[in-house]
Structures are given as C-alpha cells and as structure tokens.
Amino acid sequence: MSQFVSKHGVRIYSILAALVPALVLIWPSLPWEALVSASAALLGVGAVAARHEDTKTLRALYKDSPFEAELCGKSGE
4 MSQFVSKHGV
14 RIYSILAALV
24 PALVLIWPSL
34 PWEALVSASA
44 ALLGVGAVAA
54 RHEDTKTLRA
64 LYKDSPFEAE
74 LCGKSGE
C-alpha cells in the first residue's frame, strides 16, 4: 500500500483536493471551519507531495539513461 501511495501520491492528492468543493454541494450546512481546516491540510499535503516529486526528479536526473549506451553505439563515439 505504501508503494502505491508513493507512486501515485499526487494523483490521490488531486482527487482529495477536487472533493473539497464538492462537499459544499453535497452538504450545504457543513461548517466553514471544517472546510478551512480541510483546505489547510490539503495545502500541507500538497507541499509534501511536491517535495516528494522533486526528490524523485532529482534522483532520475543523476541516473544514467538506459538509452545512452545505445545512442553512443549508433553514433560511433
């Protein structure tokens, strides 16, 4: 389960963020404090998700491409 969340964390976050405005339509009597706290929590989760994605991007940038040897072999270098 943790691998799934790690792999698709931003997608899960976006679904949750899209559901917050829908809560107002489903339950119009929902207190505004609950919406504000849910929005604040989503902002915090968004920052964590962005940091996680940045870490994955940096790791990928420092790895050699699996296609690099093939490209170097074709060009004769």
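Position 53 of the sequence shown, counting from 1, maps to 56 under my numbering, and the rest follow consecutively.
We treat Cβ as the ideally placed atom computed from N, Cα and C, and that holds for glycine.
- In the three-state scheme derived from DSSP, where H, G and I count as helix and E and B as strand, W30 is classed as coil.
- In the three-state scheme derived from DSSP, where H, G and I count as helix and E and B as strand, D57 is classed as helix.
- Our two residues, K59 and L46, have alpha carbons roughly 20 Å apart in a direct line.
- Counting C-beta pairs closer than 8 Å gives fewer than three between the region 35-45 and the region 58-75, which falls short of the contact rule.
- Judged by DSSP in its simplified three-state form, F7 adopts helix.
- In terms of Cβ geometry, A52 and V8 do not form a close pair [threshold 8 Å].
- DSSP places S17 within a helical segment (H, G or I) once states are collapsed to three.
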